[in-house]
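Novice: Please find one structure pasted underneath; my questions will follow.
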Amino acid sequence: MKIFVPPIKSQGIKTKLVDWISYNVKDVEHERWVEPFMGTGVVAFNLQPQRALLCDSNPHLINFYNALQRKEVTGDRVRKFLNEEGNKLLETEGQHYYTVRDRFNDKGEPLDFLFLSRACFNGMMRFNRKGGFNVPFCKKNSRFAQALVTKITNQVNNISDIIAQGDYVFKHQDFQKTLAELKNSDLVYSDPPYIGRHVDYFDSWTEEEEVILNKGLEDSGCKFILSTWLSNKYRTNDYVFSVWKNCYVATKEHFYHVGAKESNRNSVFEALLSNIELKDSIENLEMELRITKEESLLTSKPKSNNSQKQLLLKL
Ligand SMILES: C[S@@+](CC[C@H](N)C(=O)[O-])C[C@H]1O[C@@H](n2cnc3c(N)ncnc32)[C@H](O)[C@@H]1O
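As structure tokens, this is what we get:
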């Protein structure tokens, strides 16, 4: 499957899981694809449903995609903008990054958002308590060399074409508002933040919100799929077996590096939870048994260190 990578970067992006998600849901009938937590949109833009409702609590993501849909942001404009701003970055030895960051925090323009997303440290997306983007510069003064500008321009053109071919609606709203708009012929793909993983102005997540999401999805009458993690070397995500105990579970091992060393290669088991049977899924109880008996194919021998607290959750 050819994967279309969106122009905006974010730490929670599911680019590496799109193929697997697509394999599991492609035969599931639905009238509309709904994402209460669209993030970069990489999942929807690759599955390319006919109709979609794509929402997020981060207004800048939604502004960006609305501007793309209205053709206010186009490949040509992006190329010109990044060439001009990239030259200023070079001339000022990187200081221009902070001029753009201040300008963005004042006016919130989508092209400035794109510039920051591609010139900040590690492609991170983080906002301070006042809602200001606060990621520092990646420290490469020649960041917007021609090859990267062309790559980003192509990404913008590809995603614009995909959006133009479908009936897509982008909304800046909290997930609870999106849950309230569901129709039972919708297929909902939820990718909420991980509990306690990181907290920022637009992006934090609590146990209470996880329970509200679970209840909202179960009561909606829709088919739903939820992305989360199942286990890593140190811990198991016990919410899979408490809050999401009624769901089928599919898992896939995913490798990532911390730093450059090969020895720092870690793995995490990603999970897809669903109220319908997926191609790869097994029943929740069966997965829990496999984990507690360590009889599964999980190679990293997960150990739960938070089950007591989490399994006491009253649903
Ligand atoms: C894990 S990311 C989604 C990543 C996305 N699937 C992708 O591949 O790019 C979670 C998203 O949820 C959004 N979010 C956090 N809290 C939210 C809330 N209460 N309502 C709606 N969206 C929220 C964040 O802004 C973030 O974009």
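Residue numbers (the numbering used here): 831 to 1145. Glycine included, every Cβ here is placed at the ideal spot set by N, Cα and C. Fair warning: this is a prediction, and the values are worked out from it, not measured in the lab.
#1: THR922 by DSSP, collapsed to three states: which one?
#2: With a threshold of 16 other CB atoms inside 10 Å of the CB of MET831, please say whether the residue is buried or exposed.
#3: How is ILE892 classed by DSSP in three states: helix, strand or coil?
#4: Tell me the rounded alpha-carbon separation between ALA977 and PRO836.
#5: Mind the definition here: the segment 992 to 1011 touches the segment 928 to 938 only if three or more C-beta pairs lie below 8 Å; say whether that holds.
#6: Please return the same chain residues whose Cβ sits closer than 7 Å to the Cβ of VAL1070, not counting the five positions on each side in sequence.
#7: Rounded to the nearest angstrom, what separates ILE982 and ALA882 at their Cα positions?
#8: Do PHE867 and PRO1022 have their C-beta atoms within less than 8 Å of each other?
#9: Checking 8 Å against the spacing of the C-beta atoms, do LEU912 and ARG931 come in under that value?
#10: Tell me whether ARG956 is buried or exposed, calling it buried when 16 or more other Cβ atoms sit within 10 Å of its Cβ.
#11: Tell me the DSSP bridge mates of VAL979?
#12: What do you get for PHE1085, buried or exposed, if any count of 16 or more other CB atoms within 10 angstroms of its CB means buried?
Specialist: Let me spell this out:
#1: Under the three-state reduction of DSSP output, THR922 falls in the coil class, being neither helix nor strand.
#2: Flag for MET831 reads exposed.
#3: Helix.
#4: Taking C-alpha positions only, ALA977 is separated from PRO836 by approximately 16 Å.
#5: Contact between the segment 992 to 1011 and the segment 928 to 938 is absent, because fewer than three Cβ pairs lie under 8 Å.
#6: Within its own chain, the residues whose Cβ lies closer than 7 Å to the Cβ of VAL1070, once the five positions on either side in sequence are excluded, are THR1058, LEU1060, VAL1079, ALA1101 and LEU1103, listed in chain order.
#7: One C-alpha to the other measures close to 24 Å.
#8: Yes, Cβ-Cβ distance for PHE867 and PRO1022 is below 8 Å.
#9: Not in contact: LEU912 and ARG931 (Cβ atoms no closer than 8 Å).
#10: Around the beta-carbon of ARG956, 16 or more other beta-carbon atoms lie within 10 Å, marking it buried.
#11: None, per the DSSP bridge assignment.
#12: Exposed is the call here.
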